[in-house]
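Participant: Dropping a structure here in structure tokens format, bear with me for questions.
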Amino acid sequence: MTRRRNPFPGVTRAPDRHGKVRWRFRRKGFSCYLPGAYASAEFRAAYEAAQLEAKTPTPIARWPHGSLGWLITHYLASPRHAQKAPSTRKTLRAELDWLRHTKDEGGADAGDLPVASFRGRHVEALMDKKDGPAAQNRVRKNMSLLFNYAIRLELIAANPVRATDRVKHKSDGYHTWTDAEIARFLKRHDSGTQARLALLLALNTGAARQDLAKLGWQNVKGGRITYKRGKTGVEADLPILPELAEELAKVPRTQMLFLPTQAGAARTPAGFGGWFKAKAVQANVTADSANIHGLRKAGATRLAEHGATEWEIASFLAHEDTKQAAVYVRKANRAKLGTSALARLGGAKSEHNLSNPGEGLGKSDAKRKE
């Protein structure tokens, strides 16, 4: 009898101590657990990501048990890491690789240091090796994640990151596209072009670049567009507005992907981002501003300014909670309150309510110009 070939090479059945069936991927020294039911969409996505991670060249090192390098290796092979979105796993792996190979003051790899020896000053020293508050805070966040994991493994009793502070800085993150930038883009890229469709898809669906690259007619039914966000796993279900419907009507039904490469293949997230940035620069949108995430923010801002609730905006962005949506609502409400506050002054009859009116605003100015 012919033995059936494993459709997922490297995957083996691995029941845990409670008898729950889990699936482990192993290849060339790399291993991780795969989330979801066997052969499910979630399982397949994680399997593809694991294959890529296994191929990623990483310096071979044997970290001492209980060291930071050992902890990172252990964490990257854990179910906790495997359950993250593929894009998050890829980014985090690169950041943790940097962490364990960064040199300390004595010239040794930080990965060789015992986890139990870390104190707040050691965390701050590693933070200082990065330029800019955002990057420094990212190091702090990653180390907190690792030390919390070390507590679960009973390597340490307390998280030394708690003895440090975040680097304070004011930033709104990615630039939010303005109405003027959107108008310039639409003027530069005519109806029927992939560039125009990409902008309208991002603006009207709130999809991230990794999700936009996979959208196609399989996501459209009954005048609605549905997809599961790759990063959060949350499903979005949105009506197709007229401006988007007009562009989708120009895409042949035989073409499954809305925004394929010239060869008809799906773009990678990074490839999609680079392609879209080039199209935005053609429309005189600066390279620093030309990103898909800024269009997601513009779409959410537009909803907030029209009175959408926090959960409505969270549904649009396919977020699991309303934490980020609340930011858009608060910002929109501040603008509305500022307008209504000044409207009270504008509606007052007393002339002294308008102190120092600008040139041409006062009655006496009008008389002089006559």
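For the sequence shown, UniProt numbering begins at 1 and goes up steadily by one. In this text, a Cβ means the ideal position worked out from N, Cα and C, and glycines have one as well.
Label His306 either buried or exposed according to how many other C-beta atoms from any shown protein chain fall within 10 Å of its C-beta, with 16 as the threshold for buried.
Facilitator: Locating residue 306 in the sequence shown gives position 306, where the first residue counts as 1. So His306 ends up on the exposed side.
Participant: Looking at the structure shown, is Arg188 part of a helix, part of a strand, or coil, going by DSSP?
Facilitator: Reading the sequence shown from its first residue, position 188 is the one you call residue 188. Helix, per DSSP.
Participant: With a threshold of 6 angstroms on Cβ separation, who are the neighbours of Lys323 within its own chain once the five nearest residues in sequence on each side are excluded?
Facilitator: Counted from its first residue, the sequence shown places residue 323 at position 323. Correct list: empty, nothing qualifies.
Participant: Thinking just about the alpha-carbon of each residue, which of Leu244, Leu215 and Met143 is nearest to the one in Leu186?
Facilitator: If you number the sequence shown from 1, residue 186 lands on position 186. For Leu186, the nearest C-alpha among the options comes from Leu244.
Participant: Could you please give me the residues that DSSP links to Phe276 through a beta bridge?
Facilitator: For this step, residue 276 is matched to residue 276 along the sequence shown. According to DSSP, Phe276 bridges with nothing at all.
Participant: Need the endpoints of the alpha helix (DSSP H) that Ser315 sits in, please.
Facilitator: Taking the sequence shown and counting its residues from 1, the one referred to as residue 315 is at position 315. Ser315 -> alpha helix (DSSP H) spans Glu310 to Leu317.
Participant: Can you give me the C-alpha to C-alpha distance between Gln136 and Pro160, rounded to a whole angstrom?
Facilitator: Reading the sequence shown from its first residue, position 136 is the one you call residue 136. Reading the sequence shown from its first residue, position 160 is the one you call residue 160. Each residue's Cα considered, the two are about 16 angstroms apart.
Participant: Any idea which residues DSSP pairs Thr12 with across the strands?
Facilitator: Position 12 of the sequence shown, counting from 1, holds the residue named residue 12. Arg24.
Participant: Less than 8 angstroms between the beta carbons of Thr176 and Lys297, yes or no?
Facilitator: For the purposes of this step, residue 176 is taken as the residue at position 176 of the sequence shown. For the purposes of this step, residue 297 is taken as the residue at position 297 of the sequence shown. For Thr176 and Lys297, yes; Cβs fall inside 8 angstroms.
Participant: Using alpha carbons as the reference points, say which of Ala37, Val251 and Asn291 lies closest to Ser270.
Facilitator: Within the sequence shown, the letter at position 270 stands for residue 270. It should be noted that the sequence gives Ala, not Ser, for residue 270. When each option's Cα is compared against that of Ala270, the closest is Asn291.
Participant: From the DSSP secondary-structure annotation, give me the bridge partner or partners of Ser31.
Facilitator: Translated into the one-based positions of the sequence shown, residue 31 becomes position 31. Paired residue(s): Arg26.
Participant: For Leu76 and Leu113, which I take to be in contact (beta-carbon distance under 8 angstroms), what is that distance rounded to the nearest angstrom?
Facilitator: Translated into positions along the sequence shown, residue 76 becomes position 76. Translated into positions along the sequence shown, residue 113 becomes position 113. 18 angstroms between Cβ atoms; not a contact.
Participant: Tell me which same chain residues have a C-beta within less than 8 angstroms of the C-beta of Gly216, skipping the five on either side of it?
Facilitator: Stepping through the sequence shown from its first residue, residue 216 is reached at position 216. So the list reads Gln255, Met256, Leu257 and Phe258, once near-sequence residues are dropped.
Participant: Below 8 angstroms between beta carbons: does that hold for Thr12 and Arg24?
Facilitator: The count along the sequence shown starts at 1 and reaches residue 12 at position 12. The count along the sequence shown starts at 1 and reaches residue 24 at position 24. Yes. Within cutoff.
Participant: Spatial neighbours of Glu235 within its chain, please: CB distance less than 6 angstroms, with the 5 preceding and 5 following residues excluded, ordered by chain position.
Facilitator: Translated into the one-based positions of the sequence shown, residue 235 becomes position 235. Correct list, in chain order: Lys228.
Participant: Over the uninterrupted beta strand (DSSP E) stretch that includes Tyr227, give me the two end residues.
Facilitator: In the sequence shown, counting from the first residue as 1, residue 227 sits at position 227. It spans Arg224 to Lys228 - the beta strand (DSSP E) in which Tyr227 sits, taken as one unbroken run.
Participant: Rounded to whole angstroms, what is the Cα-Cα separation between Tyr174 and His293?
Facilitator: Translated into positions along the sequence shown, residue 174 becomes position 174. Translated into positions along the sequence shown, residue 293 becomes position 293. In a straight line, the C-alpha of Tyr174 is about 7 angstroms away from that of His293.
Participant: Once the 5 residues before and after Gly120 are set aside, which same chain residues still bring their CB inside 7 angstroms of it?
Facilitator: The residue given as residue 120 occupies position 120 in the sequence shown. Taken in chain order, the residues that qualify are Pro160, Ala163 and Thr164.
Participant: Just list the residues that DSSP pairs Glu235 with in beta bridges.
Facilitator: As a first step, residue 235 is located in the sequence shown; it is residue number 235 there, counting from the start. Glu235 is bridged to Lys228.
Participant: Leu71 and Ala150 look like a contact to me (Cβ under 8 angstroms); what is the Cβ gap, rounded to whole Å?
Facilitator: By 1-based counting over the sequence shown, the position of residue 71 is 71. By 1-based counting over the sequence shown, the position of residue 150 is 150. 6 angstroms between Cβ atoms; contact.
Participant: Ignore the nearest five residues each way along the sequence and tell me which others in Asn142's own chain have a CB closer than 8 angstroms to its CB.
Facilitator: As a first step, residue 142 is located in the sequence shown; it is residue number 142 there, counting from the start. Correct list, in chain order: Leu92, Glu95, Leu96 and Leu99.
Participant: Please go through the same chain and pick out, in chain order, the residues whose beta-carbon is closer than 7 angstroms to the beta-carbon of Lys349, but skip the five residues on each side of it.
Facilitator: Taking the sequence shown and counting its residues from 1, one reaches residue 349 at position 349. Below a pLDDT of 50, predicted positions are generally treated as unreliable, and Lys349, at 45, falls in that range; no measurement from the model is reported.
Participant: Among Leu201, Thr232 and Lys231, which one has its Cα closest to the Cα of Asn219?
Facilitator: Numbered from 1 along the sequence shown, position 219 holds the residue referred to as residue 219. The shortest Cα separation from Asn219 among Leu201, Thr232 and Lys231 belongs to Leu201.
Participant: With which residues is Lys221 paired in a DSSP beta bridge?
Facilitator: Translated into positions along the sequence shown, residue 221 becomes position 221. The partner list for Lys221 (beta bridge, DSSP) reads Arg224.
Participant: Consult DSSP for Lys363 and reduce its assignment to one of helix, strand or coil.
Facilitator: Sequence index remark: in the sequence shown, residue 363 carries index 363 (1-based). Any reading at Lys363 must be qualified, since the residue scores a pLDDT of 44, below 50, and its modelled position is unreliable; the value itself is stated next. In this structure, Lys363 counts as helix in the three-state DSSP scheme.
Participant: Using CA atoms only, rank isn't needed, just tell me which of Leu153, Val285, Ile240 and Gly222 is closest to His65.
Facilitator: Indexing the sequence shown from 1 puts residue 65 at position 65. Of Leu153, Val285, Ile240 and Gly222, the residue nearest in Cα terms is Leu153.
Participant: Quick check on Asn204: buried or exposed, where buried means 16 or more other Cβ atoms within 10 Å of its Cβ?
Facilitator: Within the sequence shown, the letter at position 204 stands for residue 204. Per the 10 Å Cβ criterion, buried.
Participant: Identify the residues that DSSP records as bridge partners of Ser67: which are they?
Facilitator: Taking the first residue of the sequence shown as 1, we reach residue 67 at position 67. The partner list for Ser67 (beta bridge, DSSP) reads Pro114.
Participant: Does DSSP put Lys129 in a helix, a strand or coil?
Facilitator: For the purposes of this step, residue 129 is taken as the residue at position 129 of the sequence shown. Three-state result, Lys129: coil.
Participant: Per DSSP, what kind of secondary structure is Asp179 in: helix, strand or coil?
Facilitator: To locate residue 179, count along the sequence shown from 1; it is residue 179. Helix at Asp179.
Participant: Using a 10 Å radius around the Cβ and a threshold of 16 neighbouring Cβ atoms, would you call Lys336 buried or exposed?
Facilitator: Against the sequence shown, residue 336 aligns to sequence position 336. Result: exposed.
Participant: Is Ala343 near Tyr328, with beta carbons less than 8 angstroms apart?
Facilitator: Numbered from its first residue, the sequence shown carries residue 343 at position 343. Numbered from its first residue, the sequence shown carries residue 328 at position 328. No, the pair does not count as a contact, with Cβ atoms beyond the cut-off.
Participant: Going by other Cβ atoms of all chains shown within 10 Å of its Cβ, with 16 needed for buried, is Ala110 buried or exposed?
Facilitator: Here residue 110 refers to the residue found at position 110 of the sequence shown. With 16 or more other Cβ atoms within 10 Å, it is buried.
Participant: Buried or exposed, going by whether 16 or more other CB atoms sit within 10 Å of the CB of Gln262?
Facilitator: Along the sequence shown, read from residue 1 onward, the residue named residue 262 stands at position 262. Under this definition Gln262 is an exposed residue.
Participant: In the DSSP output, what is Gly216 paired with across the bridge?
Facilitator: What you label residue 216 is simply residue 216 of the sequence shown in a count that begins at 1. DSSP, once it has assigned bridges, lists Leu257 as partnering Gly216.
Participant: What did DSSP end up calling Asp211 once you bin it into helix, strand or coil?
Facilitator: Position 211 of the sequence shown, counted from the first residue, corresponds to residue 211. Correct three-state label for Asp211: helix.
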